[in-house]
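Below is one structure, written out as structure tokens, with a few remarks after it.
2 protein chains.
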Amino acid sequence: MSRLGTAYPPDRVSLREVGLRDGLQLVKSWPTTEEKRDWLVREHAAGARHFEVGSFLPASRMPQFADVRAMIEAVGTLDGARSAALALNERGAADALETQVDEIVCVISATEEHSQANMRRSRDDAIGLVRSVARMRDERGHGALINAGIAMAFGCSIAGRVEPDEVLRLAEACMSAGADVIGIADTVGFAGPRQVTRLASGMRVLVGDGGFIIHLHDTRGMGIANASAALDAGCRILDGSLGGLGGCPFAPGATGNVVFEDLVYLCETKGFATGIDLPALAAVRSVAEKAMPGESFYGGIARAGPPATLDWRA
Amino acid sequence: MSRLGTAYPPDRVSLREVGLRDGLQLVKSWPTTEEKRDWLVREHAAGARHFEVGSFLPASRMPQFADVRAMIEAVGTLDGARSAALALNERGAADALETQVDEIVCVISATEEHSQANMRRSRDDAIGLVRSVARMRDERGHGALINAGIAMAFGCSIAGRVEPDEVLRLAEACMSAGADVIGIADTVGFAGPRQVTRLASGMRVLVGDGGFIIHLHDTRGMGIANASAALDAGCRILDGSLGGLGGCPFAPGATGNVVFEDLVYLCETKGFATGIDLPALAAVRSVAEKAMPGESFYGGIARAGPPATLDWRA
Numbered sequence: 001m002s003r004l005g006t007a008y009p010p011d012r013v014s015l016r017e018v019g020l021r022d023g024l025q026l027v028k029s030w031p032t033t034e035e036k037r038d039w040l041v042r043e044h045a046a047g048a049r050h051f052e053v054g055s056f057l058p059a060s061r062m063p064q065f066a067d068v069r070a071m072i073e074a075v076g077t078l079d080g081a082r083s084a085a086l087a088l089n090e091r092g093a094a095d096a097l098e099t100q101v102d103e104i105v106c107v108i109s110a111t112e113e114h115s116q117a118n119m120r121r122s123r124d125d126a127i128g129l130v131r132s133v134a135r136m137r138d139e140r141g142h143g144a145l146i147n148a149g150i151a152m153a154f155g156c157s158i159a160g161r162v163e164p165d166e167v168l169r170l171a172e173a174c175m176s177a178g179a180d181v182i183g184i185a186d187t188v189g190f191a192g193p194r195q196v197t198r199l200a201s202g203m204r205v206l207v208g209d210g211g212f213i214i215h216l217h218d219t220r221g222m223g224i225a226n227a228s229a230a231l232d233a234g235c236r237i238l239d240g241s242l243g244g245l246g247g248c249p250f251a252p253g254a255t256g257n258v259v260f261e262d263l264v265y266l267c268e269t270k271g272f273a274t275g276i277d278l279p280a281l282a283a284v285r286s287v288a289e290k291a292m293p294g295e296s297f298y299g300g301i302a303r304a305g306p307p308a309t310l311d312w313r314a
Numbered sequence: 315m316s317r318l319g320t321a322y323p324p325d326r327v328s329l330r331e332v333g334l335r336d337g338l339q340l341v342k343s344w345p346t347t348e349e350k351r352d353w354l355v356r357e358h359a360a361g362a363r364h365f366e367v368g369s370f371l372p373a374s375r376m377p378q379f380a381d382v383r384a385m386i387e388a389v390g391t392l393d394g395a396r397s398a399a400l401a402l403n404e405r406g407a408a409d410a411l412e413t414q415v416d417e418i419v420c421v422i423s424a425t426e427e428h429s430q431a432n433m434r435r436s437r438d439d440a441i442g443l444v445r446s447v448a449r450m451r452d453e454r455g456h457g458a459l460i461n462a463g464i465a466m467a468f469g470c471s472i473a474g475r476v477e478p479d480e481v482l483r484l485a486e487a488c489m490s491a492g493a494d495v496i497g498i499a500d501t502v503g504f505a506g507p508r509q510v511t512r513l514a515s516g517m518r519v520l521v522g523d524g525g526f527i528i529h530l531h532d533t534r535g536m537g538i539a540n541a542s543a544a545l546d547a548g549c550r551i552l553d554g555s556l557g558g559l560g561g562c563p564f565a566p567g568a569t570g571n572v573v574f575e576d577l578v579y580l581c582e583t584k585g586f587a588t589g590i591d592l593p594a595l596a597a598v599r600s601v602a603e604k605a606m607p608g609e610s611f612y613g614g615i616a617r618a619g620p621p622a623t624l625d626w627r628a
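These protein sequence lines map, in sequence, to chains A and B. For the first sequence, my numbering gives the first residue as 1, with consecutive numbering after it. For the second sequence, my numbering gives the first residue as 315, with consecutive numbering after it.
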């Protein structure tokens, strides 16, 4: 099986826990490395396998990710677990390739306006970085997957509307540049299910079931409905964060990523086995809540639990 | 056009605001009649048209609905607005028929166990009440629609699993007994989108697009995803409550009905025009929040607002 198929088998759903990265992007205080490890180990014991754990940036810019190397090591000790981390420039990629990280995430903006405002570079330059990172990876014989995440894919807080064809064009360019998997991100929570159906269907034609990730925010309450639409359209890899942690600097009032626990429940009710134990997963929230008492935690399953009187696994 | 088609045109989506009834079912304190009127008038001004406003029960049992007659009158003064109220026995139905209420809601449990525990009568007796109410209505020449709501239709907190065919059988029996429209209620928030697709598709075959209502609770975070599945399956009438108000005595930890504001947003992103102004609707929450400071209000749209940089109405 290909490197990609081993990481994300196309015949089942894979859920990526991005709480330890996207979930900590904007928080005022964050867990210690020990607390993060506890979160990780307990969530792995509940059945989660894919963990995005940080970003390779100078610690002065993002001190919450200063321990990204330690977190990648921690993931490496857990059976079947896979680590992912962001690299936003060649320096970050070089640092990432010094570790045993399983997946390096590069970010491309869907719009030129957001690319310039957020990354101070063009979209072409961002795709060029994907090409550089893939080459560096190959030169070093490193086994990491390259994940190209397309931010603002369902609408941009600066440029407004984003055409699905434009996202598909960028996705194709990222694949040509060497990306193994493409992330389609509703960075500011603009998407509705119809839009998700359209773009996910296009991605499925482009790269197949197992080749793309849908990354959703629940800013306007559409997160789980959008995830459901993505699954119906053939998407088999979805992101979420414990308790829906994670805001966005471009989305004032944003709540965060789609709630990981509710995403697990959704998948199970739709007949997709996740291998994740829901009560055990919900119990992990206490670790994160204790470490970040100022943050809001969302989600229905943690509050109500799965139905007790019937088999809710479809 | 039929009485039903006038109330709920089959070629568009109708959203029923049940916050003034289901939303107040379990609250510890409730708005005064003046505050309820203010809520109603402002929500009508925002574009809402269908209001469930109470229950015909002895005021000693449900004091929050003692003003149900005044609320029905208040709805009657608003252009194009329609009132609905529950009648749980013949006495209640007789009282309802003394008013200008536009819709009388009778409740049937999907399971015999819940019917006995909740209503202390069999499901057959509950269907018999639908027949009596329809006859009383016709004898009086009253114009009210009869709405038969099937509780626990997606799973029961006592009996567990509920077969879709059993719900369809009950729906058919209610229609034969004289019901004009059938409500399919996920009373305890057990449903997932796949289940909703299945039951809504069956209902569509049985009664057509405009003849059934899906009533959802967001207990486990699936509310909007389930609403999206219902719309996809041809359902054109959905219930919701402002801020997701409304718990359930059979569902500990329940949050309440699906959030009305988010439901409006969902419909609009899917291309169903609701005629409702979202910012004006979200502003009505302040009335309810002020009247019930102890209650939790949910929802994404009230927090983040619709996207400012693009046309989110599909």
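By construction, the Cβ of each residue, glycine as well, lies at the ideal position given by its N, Cα and C atoms.
Check: Contact under 7 Å by Cβ, A:Ile184 with A:Ala153; Outcome: yes
Check: Reduced DSSP secondary structure (H/G/I, E/B, other) of B:Asn403; Outcome: coil
Check: Closest Cα partner of A:Gly149 within the set A:Thr111, A:Ser157, A:Ile158, A:His142; Outcome: A:Thr111
Check: Below-7 Å beta-carbon distance, A:Lys28 vs any chain B residue; Outcome: no
Check: Beta-carbon gap between B:Val573 and B:Gly558 smaller than 7 Å; Outcome: yes
Check: Nearest-angstrom Cα separation, counted from A:Gln116 out to A:Leu145; Outcome: 26 Å
Check: Local Cβ density within 10 Å of A:Ala59, reported as buried at 16 or more and exposed below that; Outcome: exposed
Check: Listed by chain order, chain A residues near B:Ile517 by CB distance under 8 Å; Outcome: The sequence given here places Met at residue 517 of chain B; Ile does not occur at that position. Within chain A, no residue comes near B:Met517; the closest Cβ sits about 19 Å away, beyond 8 Å.
Check: DSSP state of A:Ser2 mapped onto helix, strand, coil; Outcome: coil
Check: Within 7 Å, strictly: CB atoms of A:Ala291 and A:Glu73; Outcome: no
Check: Identity of the residues DSSP links to B:Arg330 by a beta bridge; Outcome: B:His364, B:Asp553
Check: Closer than 7 Å at the beta carbon, the chain B residues around A:Lys290; Outcome: Residues of chain B passing the Cβ test: none, with the nearest at roughly 21 Å.
Check: Within 7 Å of chain A by C-beta, residues of the region 524–542 of chain B in sequence order; Outcome: Asp532, Thr533, Arg534, Gly535, Met536, Ile538, Ala539, Ser542
Check: Within chain D, partners of A:Gln195 - CB distance below 8 Å; Outcome: No chain D appears in this structure, whose protein chains are A and B.
Check: Spatially closest choice to A:Arg313 from B:Ile551, B:Leu556, B:Asp576, B:Gly469, by CA coordinates; Outcome: B:Gly469
Check: Residues of its chain near B:Pro620, where Cβ-Cβ distance is below 7 Å and the 5 sequence neighbours each way are ignored; Outcome: Tyr579, Leu592, Trp626
Check: Distance between B:Asp532 and B:Arg363 (C-alpha atoms, nearest Å); Outcome: 22 Å
Check: Chain A contact for B:Asp576 (CB, 7 Å cutoff); Outcome: yes
Check: Beta-bridge partners of B:Asn432, as assigned by DSSP; Outcome: None, per the DSSP bridge assignment.
Check: Beta-carbon gap between A:Leu310 and B:Arg326 smaller than 7 Å; Outcome: no
Check: Cutoff 7 Å: B:Leu624 Cβ touching any chain A Cβ; Outcome: yes
Check: Given 8 Å, three or more beta-carbon pairs between the region 526–545 of chain B and the region 225–234 of chain A; Outcome: yes
Check: Interface partners of B:Cys470 on chain A, CB under 9 Å; Outcome: Thr309, Leu310
Check: A:Ala66 versus B:Val389 - alpha carbon distance; Outcome: 60 Å
Check: Counterpart residues of B:Leu577 in DSSP-defined beta bridges; Outcome: For B:Leu577, which the question treats as bridged, DSSP gives no partner whatsoever.
Check: Residues sharing a beta bridge with A:Ala185, DSSP; Outcome: A:His215
Check: Distance CB(B:Val367)-CB(B:Ala395) smaller than 7 Å; Outcome: no
Check: B:Pro323: CB within 6 Å of a non-hydrogen atom of the ligand FMN; Outcome: With respect to the ligand FMN, the structure offers nothing, as it holds no ligand at all.
Check: Exposed unless 16 or more other CB atoms sit within 10 angstroms - verdict on A:Val133; Outcome: buried
Check: Where B:Ser542 sits in the DSSP three-state scheme; Outcome: helix
Check: Helix, strand or coil at A:Ile104 according to DSSP, with G and I counted as helix; Outcome: strand
Check: Alpha-carbon spacing of B:Val601 relative to A:Leu20, whole angstroms; Outcome: 38 Å
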